[in-house]
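Trainee: Residue numbers for the sequence shown, in this note's numbering: 498 to 585. Glycine included, every Cβ here is placed at the ideal spot set by N, Cα and C. Owing to the predicted nature of the structure, the values given are computational and were not obtained by experimental measurement.
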Amino acid sequence: MPNAPEPGPDGPEPGQRPRAEPRQPRPEPAAARAEPGTEHPEITYIGCARCGTQIAGLDGRYACSGCGWVNEWTEGHRPLPTAGRRRR
């Protein structure tokens, strides 16, 4: 292959591409670096312990709208988040 001519002071010759500078890697977005404890809750399903209706809950915490049954909050799949509000 013939050697490409060096670009002149005014840029590359007509029909030639300018030389690309090597790109630096972009920093990873904060969302991609999120810790496992900050992920969204999972929607889970179960049959109501009182009336048998299939109900959906968040991370194993359920409340039946048919009969009013609610499971104990300690039965969830992971700990509840702490309050993170700041007062100003």
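1) Spatial neighbours of THR579 within its chain, please: C-beta separation below 8 angstroms, excluding the five flanking residues on both sides.
2) ILE543: which of GLY557, SER562 and HIS537 sits nearest, CA to CA?
3) Going by DSSP, what residue range makes up the beta strand (DSSP E) through LEU555?
4) So THR541 packs on GLY554, CB below 8 angstroms; how close in whole Å?
5) Along the beta strand (DSSP E) that carries PRO544, what are the first and last residues, could you check?
6) Note down the Cα distance separating ILE552 from TYR559, rounded to an integer number of angstroms.
Mentor: On the basis of the data shown:
1) none
2) GLY557
3) 551 to 555
4) 5 angstroms
5) With the sequence shown as reference, residue 544 is identified as Gly, and Pro is not the correct amino acid for it. Its beta strand (DSSP E) spans residues 540 to 544.
6) 7 angstroms
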